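Undergrad: Going down the list, the protein sequences come from chains A and B. Taken in order, the first sequence gives residues 1 to 191; the numbers are from the numbering used here. Taken in order, the second sequence gives residues 192 to 382; the numbers are from the numbering used here. Structure incoming, see below.
There are 2 protein chains.
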Amino acid sequence: MTTPGLRERKKLATWREIRAAALRLFGERGFDAVSIDEIVAAAGVSRTTFFNYFPGKEAVVFDPDPEEPEQWRALLAARPDGEPVWESLTAVLLEYTERTADRVIVRRRLRDTSPALAQGMADRRDRFYGELREWAAARTGDALRTTLQVNLAAAAVMTAYERWQCDEPVEVLLDLMRACLAQAGAGLRED
Amino acid sequence: MTTPGLRERKKLATWREIRAAALRLFGERGFDAVSIDEIVAAAGVSRTTFFNYFPGKEAVVFDPDPEEPEQWRALLAARPDGEPVWESLTAVLLEYTERTADRVIVRRRLRDTSPALAQGMADRRDRFYGELREWAAARTGDALRTTLQVNLAAAAVMTAYERWQCDEPVEVLLDLMRACLAQAGAGLRED
DNA sequence: ATACATAGTTGTACCAAGTACATGTTCGGT
DNA sequence: ACCGAACATGTACTTGGTACAACTATGTAT
Chain A
1 MTTPGLRERK
11 KLATWREIRA
21 AALRLFGERG
31 FDAVSIDEIV
41 AAAGVSRTTF
51 FNYFPGKEAV
61 VFDPDPEEPE
71 QWRALLAARP
81 DGEPVWESLT
91 AVLLEYTERT
101 ADRVIVRRRL
111 RDTSPALAQG
121 MADRRDRFYG
131 ELREWAAART
141 GDALRTTLQV
151 NLAAAAVMTA
161 YERWQCDEPV
171 EVLLDLMRAC
181 LAQAGAGLRE
191 D
Chain B
192 MTTPGLRERK
202 KLATWREIRA
212 AALRLFGERG
222 FDAVSIDEIV
232 AAAGVSRTTF
242 FNYFPGKEAV
252 VFDPDPEEPE
262 QWRALLAARP
272 DGEPVWESLT
282 AVLLEYTERT
292 ADRVIVRRRL
302 RDTSPALAQG
312 MADRRDRFYG
322 ELREWAAART
332 GDALRTTLQV
342 NLAAAAVMTA
352 YERWQCDEPV
362 EVLLDLMRAC
372 LAQAGAGLRE
382 D
């Protein structure tokens, strides 16, 4: 792991600069009330540069912190080999949520203030569950069933997430997730 | 049911005019390659009028045909009173899909050509499942469990929908839906 | 028939997001 | 010290979406 050159470091720096400025402004006045021009002015960077780093305004909120993907991949890799898929999913989703709790709260709060962010939110979710699907697919033969499992897990998590109020402590969210995942795993046919 | 006045009829007429022009152009050249200006020119109507009728470009594809909501409400109302929620959901989702098969295909095809439509698609879904949730909530006491049921059903349907290729006959889609809903209902805990 | 309120339409002018591109700067290796 | 590549910038443009004041057609009461 050699030190990255000046170029790389500067790049990362401007990236952070832009992101920091944007999040600060969003925090102060809300997502919609802040224009890209204001962001780049605050970050001391040109408009074009902004679009060099982020494909759009939402991306500044939802783009992957470069480390985050490593994290969840590590969680997945840590699951024991014979474990049933559903249990692995439950465990990973809970751990991951717990570990990134702070960001979960921030994003949720921002989303509540402005529906334009729902799209970025969805994209992010899709990327995440896409990886989950790939991982799960490698564990089993039945592709449809596997996809279904991941999607149902996602639906369970979403149900918990929507019910949770973002001023409640994170433990409440985790409990809701546990409950929803357990019920989904147990099946819903019988009333 | 009295005949609506000239005003109403003209309104509906322009609505259809815009929609028809738009869909024709979209069909010829794809969603993204057609601008609103072209649509209004083709429809013989002003830009402003377009936005009087549709809140945005996607809406022209996904906005509710005024009759459609009635349809699904009728389906829900037709379910016998004691029926378990999960069975009702399964039945309604299958019937509704079967009944609107043609539009399902068109929309899916358009969505495949341009991802910008995914958002409108999602909105539409949300409205639909929102109503489903309300209906289901009226049948039971446990709000969380009910929401979870609807969301899981939605996830099952989506799984089927995504797997389905839109050049396959609709029966394939229906079979996939049946399979996914059945599995979700049976539970996924055991591997 | 006439006159009036109002729903619906139009044109204009505007803002913000996003793209294209040609022109500078700055870094990395030689 | 130099040169190519990567990165940044400014300019100009397209397009989606909003605001608003002025105009026109429709419904209705007289």
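C-beta atoms are modelled at their ideal positions from N, C-alpha and C, and glycine is treated no differently. Everything numeric in this text was worked out from a predicted model, so none of it was measured.
Beta-carbon within less than 7 Å of B:K248's beta-carbon, same chain only, minus the 5 sequence neighbours each way: which residues are those?
TA: Same-chain partners within the cutoff: I227.
Undergrad: Taking 8 Å as the CB-CB cut-off, is A:R103 touching chain B?
TA: No, A:R103 lies away from the interface with chain B (no Cβ there is under 8 Å from its Cβ).
Undergrad: If you draw a straight line from the C-alpha of A:M158 to the C-alpha of B:R198, how long is it?
TA: Their Cα atoms are separated by approximately 45 Å.
Undergrad: On a CA-only basis, which of B:A234, B:G196, B:E289 and B:V236 is nearest B:D137? Give me that one, please.
TA: As shown, chain B starts at 192 and ends at 382. That puts residue 137 of chain B outside it, with no answer to give.
Undergrad: State the start and end residues of the unbroken alpha helix (DSSP H) segment that holds A:K11.
TA: From DSSP, the alpha helix (DSSP H) with A:K11 extends over L6 to R29.
Undergrad: List the endpoints of the continuous alpha helix (DSSP H) containing B:G311.
TA: Where B:G311 is concerned, the enclosing alpha helix (DSSP H) stretches over L308 to A328.
Undergrad: Kindly confirm or deny that the region 111-118 of chain A and the region 44-51 of chain A touch, where touching means at least three C-beta pairs closer than 8 Å.
TA: No: the two stretches stay apart, fewer than three of their Cβ pairs being nearer than 8 Å.
Undergrad: Tell me where the alpha helix (DSSP H) around A:R79 begins and ends.
TA: Looking at the DSSP string, A:R79 is not in any alpha helix (DSSP H), and its letter there is neither H nor E.
Undergrad: Quick one: what does DSSP say B:A224 is sitting in, helix, strand or coil?
TA: Coil, per DSSP.
Undergrad: Need the endpoints of the alpha helix (DSSP H) that A:D112 sits in, please.
TA: From DSSP, the alpha helix (DSSP H) with A:D112 extends over A101 to T113.
Undergrad: What is the DSSP secondary structure of A:D175, reduced to helix, strand or coil?
TA: Looking at A:D175 - three-state DSSP - the assignment turns out to be helix.
Undergrad: Does A:R163 get closer than 8 Å to chain B when you measure Cβ to Cβ?
TA: Yes, contact with chain B.
Undergrad: For A:R111, which residues in the same chain have their Cβ closer than 7 Å to its Cβ, ignoring the five residues on either side in sequence?
TA: Closer than 7 Å at Cβ, skipping near neighbours: L117, A118 and M121.
Undergrad: Which residues mark the beginning and the end of the alpha helix (DSSP H) in which A:V61 is found?
TA: A:V61 -> alpha helix (DSSP H) spans A59 to F62.
Undergrad: In the DSSP assignment, the alpha helix (DSSP H) including B:Q340 goes from what residue to what residue?
TA: That run of the alpha helix (DSSP H) goes A334 to R354.
Undergrad: Does DSSP put A:E168 in a helix, in a strand, or in coil?
TA: Correct three-state label for A:E168: coil.
Undergrad: Given a threshold of 16 other Cβ atoms within 10 Å of its Cβ, counted over all protein chains shown, does A:R19 qualify as buried or as exposed?
TA: Buried is the call here.
Undergrad: Kindly give me the distance between the Cβ atoms of B:E208 and B:V236, rounded to whole angstroms, as I take these residues to be in contact under 8 Å.
TA: Indeed, because the Cβ distance is near 7 Å, the residues count as touching under 8 Å.
Undergrad: Between the beta-carbon of A:M177 and the beta-carbon of A:L93, is there less than 8 Å?
TA: Closer than 8 Å, so yes.
Undergrad: Have a look at B:F253, B:L267 and B:L203 and flag the residue whose alpha-carbon is nearest the alpha-carbon of B:F222.
TA: The shortest C-alpha separation from B:F222 is found at B:F253.
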